[in-house]
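See below for the structure under consideration.
Protein chains: 2
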Amino acid sequence: MGTLTEENYIKSIYSLSLATGEVFVSELAKKLEVKLPTVNSMVKKLAAKKFVAYAPYQGIKLTDKGKKEALAIIRKHRLAELFLVKVMGLGWEEVHEIAEQLEHVNSERFYNRMDELLNYPKADPHGEPIPDTHGKIPTEKRTPLSAQKEGKKVKIIAVSVDQKSFLDHLNAKGLQIGDTIMIVKRELFDGSVTILKSQKEIVLSHQVSENILVSGDET
Amino acid sequence: MGTLTEENYIKSIYSLSLATGEVFVSELAKKLEVKLPTVNSMVKKLAAKKFVAYAPYQGIKLTDKGKKEALAIIRKHRLAELFLVKVMGLGWEEVHEIAEQLEHVNSERFYNRMDELLNYPKADPHGEPIPDTHGKIPTEKRTPLSAQKEGKKVKIIAVSVDQKSFLDHLNAKGLQIGDTIMIVKRELFDGSVTILKSQKEIVLSHQVSENILVSGDET
DNA sequence: ATATAATGTTAGACTAATCTAATAAATTAA
DNA sequence: TTAATTTATTAGATTAGTCTAACATTATAT
Ligand SMILES: [Mn+2]
Ligand SMILES: [Mn+2]
Ligand SMILES: [Mn+2]
Ligand SMILES: [Mn+2]
């Protein structure tokens, strides 16, 4: 465990480097809303503590120790979100903010009890997988709704952002994790998608449809 | 809301000044496990922020703003403790440590939902009163078991410390909040007390009996 | 291939929270 | 009522996390 600030850096490094395995100072600075030199000095500290591997002007990579730490924090974040929804009855659009605070609570007991009460869940309220105590993540094939062919019938598995505004939008459209939908039409002009959910047609902008992840592959 | 550190100072000032209305730098330093000059400079900061009233070499007093802040933190601490016991099934001896962290979580929604789920409780798992959202505390007459006369029949209302070792001790003796007990004998020599709980005699040291609060007054 | 732009690093400063060492005030004991 | 002791304050240093300004490197565009 590092400090709260270190934990937030490690978590951001993890998510930003998921695709390519590395992340750049400028990307981190943007995400964490701090200036470049701030990131630079913190990265040097994280490197000294062996959470990241880094050489000047190169990309930043998490070490195994860093990955383990990141997954432990993400586990706490996602367990907390699910707990807030399932046990405390809050909405999926309002739990992320609270989980950002709860993820830094240091208590195995607290989190293992949550896990137990939730019956060892595999995914958070946004469909994101919950790592187990060893940092293992259950994987599932997911593709953006925006990449689906017309006529396809798919299930909503997850959303890739948990911003309140986006989730409020989905609430308004009546869409939830687990819904089965059919792709009716994809507009070439603006990339918007019309889907059918239990007899009702719903139109989604490209920006929305690329953040909804559905079952199956791209075909 | 101040910083986490400020919140901890305010909470300690509140509890240490409950009896006399003021607290001294040295008492705070001891409680918070920091050195005198550290407290001195923090008290000056809290005074600048109007959380305390203070003049050099005088006792430290919370302002109304400071009291309100203290009660808000205590409310969160005690709600969290009760929630951990009632909803999450943890033991009363292990919740204080977790609540020390949860009390700094900033979310009205989180705490009001807890309050609701617990049905607006009046006391935490250690019998301590829970302030309402306006900082009002339900009062109840309580006296230390050590001050009770032989022959008296009383109810355990609260414990005045929530150290794990003390609560483990009570668990071992089989004593809980709400128990009705009878004072059988008070030893003049060491102040130990023998009580009767459902036909069984239990001997408690003076140190233990002065931290068990029971119903009624001293007579 | 050189100039320009973008990105990253170093240097130096600031605030929050802590410390030790030195000094001052208040309290207690002689 | 002085002297000794305890308690409090000031001064100056340290670490974590941040900033701005200046400089260096790498990438991009002419
Ligand atoms: Mn989240
Ligand atoms: Mn989530
Ligand atoms: Mn407590
Ligand atoms: Mn308590």
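Protein chains in written order, with this note's numbering: chain A, 4 to 222; chain B, 4 to 222.
A virtual CB, placed ideally from N, CA and C, is assigned to each residue, including glycine.
query                                                                                                                                                                      : result
Note down the Cα distance separating residue 185(B) from residue 191(B), rounded to an integer number of angstroms.                                                        : 18 Å
Under a CB-based cut-off of 8 Å, is residue 97(A) close to chain B?                                                                                                        : yes
In the DSSP assignment, what are the bridge partners of residue 134(A)?                                                                                                    : In DSSP, residue 134(A) forms no bridge with anything.
Quickly, what does DSSP pair residue 63(A) with across the bridge? List them, please.                                                                                      : 26(A)
Find out if the Cβ-Cβ distance for the pair residue 217(A), residue 180(A) is shorter than 8 Å.                                                                            : no
Report yes or no: is there a C-beta of chain A within less than 8 Å of the C-beta of residue 185(B)?                                                                       : no
Report buried or exposed for residue 222(A), applying the criterion of at least 16 other Cβ atoms within 10 angstroms of its Cβ.                                           : Unreliable placement is indicated for residue 222(A), whose pLDDT of 48 sits below 50; no coordinate value is reported for it.
For the alpha helix (DSSP H) that contains residue 183(B), what are its first and last residues?                                                                           : Not the alpha helix (DSSP H): residue 183(B) falls in the beta strand (DSSP E), residues 183–189.
Given residue 115(B), which residues of its chain have a CB within under 8 Å of its CB, disregarding the five upstream and five downstream residues?                       : 136
Between the beta-carbon of residue 65(A) and the beta-carbon of residue 15(A), is there less than 8 Å?                                                                     : no
Going by DSSP in three states, residue 41(A) sits in which element: helix, strand or coil?                                                                                 : helix
Could one say the Cβ of residue 222(B) lies closer than 8 Å to chain A's Cβ atoms, at least one of them?                                                                   : Interpretation of residue 222(B) is limited by its pLDDT of 48, a score under 50 that renders its predicted location unreliable; the figure taken from the coordinates is listed afterwards. Judged by the 8 Å Cβ criterion, residue 222(B) is not in contact with chain A.
Output, in sequence order along the chain, the residues in the stretch 99–117 of chain A whose CB is closer than 9 Å to any CB in chain B.                                 : 100, 101, 104, 105, 107, 108, 109, 110, 112, 113, 116, 117
Can you list, in chain order, the residues of its chain whose CB lies under 8 Å from that of residue 8(B), leaving out five sequence neighbours each side?                 : 45
Comparing alpha-carbon positions, which option in 134(B), 35(B), 28(B) lies nearest residue 43(B)?                                                                         : 28(B)
Using the beta-carbon count (16 or more within 10 Å), is residue 83(A) buried or exposed?                                                                                  : buried
Around ligand 3, what residues have a beta-carbon under 6 Å from a heavy atom of it, in chain order?                                                                       : 80(B), 84(B), 99(B), 102(B), 165(B)
If I follow the unbroken beta strand (DSSP E) through residue 218(B), where does it start and stop?                                                                        : 215–218
From the DSSP output, which residues share a beta bridge with residue 198(B)?                                                                                              : 186(B), 205(B)
Can you tell me whether residue 204(B) sits near ligand 4, meaning its C-beta is under 7 Å from at least one heavy atom of the ligand?                                     : no
For residue 156(A), which three-state DSSP category applies?                                                                                                               : strand
Taking only runs that begin and end inside the stretch 69–154 of chain A, name each unbroken alpha helix (DSSP H) of 4 or more residues, in chain order.                   : 98–105, 111–120
For residue 90(B), decide whether its Cβ has a neighbour in chain A, counting only Cβ atoms nearer than 8 Å.                                                               : yes
Between residue 2(B) and residue 87(B), which are expected to be in contact by the criterion C-beta below 8 Å, what is the C-beta distance as a whole number of angstroms? : In this structure chain B extends from 4 to 222, so residue 2(B) is not present and cannot be described.
In terms of alpha-carbon separation, which member of 92(B), 47(B), 69(B), 102(B) lies closest to residue 59(B)?                                                            : 47(B)
Would you please state the rounded distance, in angstroms, between the beta carbons of residue 102(A) and residue 80(A)? I believe it to be under 8 Å.                     : 5 Å
What residues of chain A sit near residue 85(B), judged by a beta carbon separation below 8 Å?                                                                             : Ordered by position in chain A, no residue passes the 8 Å Cβ test against residue 85(B), which lies about 14 Å from the chain.
Do you know how far the Cα of residue 6(B) is from the Cα of residue 37(B)?                                                                                                : 17 Å
When every heavy atom of ligand 2 is checked, does at least one fall within less than 7 Å of the C-beta of residue 127(A)?                                                 : yes
Closer than 9 Å by beta-carbon distance: list the chain B residues that pair up with residue 93(A), in chain order.                                                        : 112, 113, 116
May I ask you to check if the CB of residue 143(B) is nearer than 7 Å to at least one heavy atom of ligand 4?                                                              : no
Quick check on this structure: which residue in 35(A), 171(A), 25(A), 105(A) has the alpha carbon closest to the alpha carbon of residue 63(A)?                            : 25(A)
Name, please, each residue of chain B whose Cβ falls closer than 9 Å to the Cβ of residue 120(A).                                                                          : 90, 91, 92
Looking at the secondary structure, which residues open and close the alpha helix (DSSP H) in which residue 171(B) lies?                                                   : 167–176
Skipping 5 residues on each side, what residues in its chain have a beta carbon closer than 6 Å to that of residue 71(A)?                                                  : 138
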